[in-house]
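Structure first, commentary second.
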Amino acid sequence: MRIALFEPEIAGNVGAVMRLGACLGAAVDLIEPMGFAWDDRRVRRTAMDYIDHVSVTRHADFAAFRATIGTSRLVLFTTKTQQSPYGFAFRPDDVLLFGKESAGIPAAIAESCDARLRIPMRPQVRSMNLATSAALALGEALRQTGGMPE
Numbered sequence: 001m002r003i004a005l006f007e008p009e010i011a012g013n014v015g016a017v018m019r020l021g022a023c024l025g026a027a028v029d030l031i032e033p034m035g036f037a038w039d040d041r042r043v044r045r046t047a048m049d050y051i052d053h054v055s056v057t058r059h060a061d062f063a064a065f066r067a068t069i070g071t072s073r074l075v076l077f078t079t080k081t082q083q084s085p086y087g088f089a090f091r092p093d094d095v096l097l098f099g100k101e102s103a104g105i106p107a108a109i110a111e112s113c114d115a116r117l118r119i120p121m122r123p124q125v126r127s128m129n130l131a132t133s134a135a136l137a138l139g140e141a142l143r144q145t146g147g148m149p150e
């Protein structure tokens, strides 16, 4: 299971997702450009020493990233669909894709994904924090596939 972040803009979110990946055994893919300098101390501050326990791969752009996933399904989490992850059948090799904080994913990329899921939430709100969404999604995917660490 992998988590992919498309053009993330907030270093703290990336650090939190890296820590999540370390704790639950998921690799993290970062699709550039990012909205902050990679050497930003905020990434390390949020990820803490967990940064040494997660596999992180940076990709120059979406095409470079897409070329690395082989036959794995690309599962997009977006507010622009109604299908819930709680009724979706995950596979152990799925790649969970999350868009940039300010704008999500461009339509052409969304259309290229194998599935599009929306985390259920109250209608009065627009979206969750990126790292929170990734945690909910990864937790459900690992629960379904038996990949949750003991």
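Take 1 as the starting number for the sequence shown in the UniProt record's numbering and just add one per residue. All C-beta atoms in this analysis are idealised placements derived from N, C-alpha and C, irrespective of residue type, glycine included.
Can you check whether the CB of F77 is closer than 8 Å to the CB of I31?
-> No, the pair does not count as a contact, with Cβ atoms beyond the cut-off.
Determine, using beta-carbon pairs with one atom in the stretch 65-80 and one in the stretch 89-98, whether at least three such pairs fall under 8 Å.
-> Verdict: yes, contact present.
Output the boundary residues of the alpha helix (DSSP H) element that contains V14.
-> Looking at the DSSP string, the run of the alpha helix (DSSP H) that includes V14 is A11 to L24.
Is G99 helix, strand or coil when you go by DSSP?
-> Looking at G99 - three-state DSSP - the assignment turns out to be coil, as it is neither helix nor strand.
Please classify V43: does DSSP put it in a helix, a strand, or coil?
-> Helix at V43.
CA-CA distance, G87 and F36?
-> The alpha-carbon of G87 is positioned some 35 Å away from that of F36.
Go ahead and pull the three-state DSSP assignment for A4.
-> Secondary structure of A4 (DSSP, three-state): strand.
T145, enclosing beta strand (DSSP E) - first and last residue | Premise fails: T145 lies in the alpha helix (DSSP H), L130 to T145, not in any beta strand (DSSP E).
Beta-carbon proximity check, I3 vs V14, cutoff 8 Å = No, the pair does not count as a contact, with Cβ atoms beyond the cut-off.
Taking Cβ to Cβ, would you say A141 is nearer than 8 Å to M34?
-> For A141 and M34, no; Cβs fall outside 8 Å.
Give the straight-line distance between the Cα atoms of P149 and I109, rounded to the nearest whole angstrom.
-> Each residue's CA atom was taken as its position, placing P149 and I109 some 31 Å apart.
Nearest neighbour of Q144, chosen from P85, R58 and D29 [CA to CA] | Comparing Cα-Cα distances from Q144 to each of P85, R58 and D29, the minimum goes to P85.
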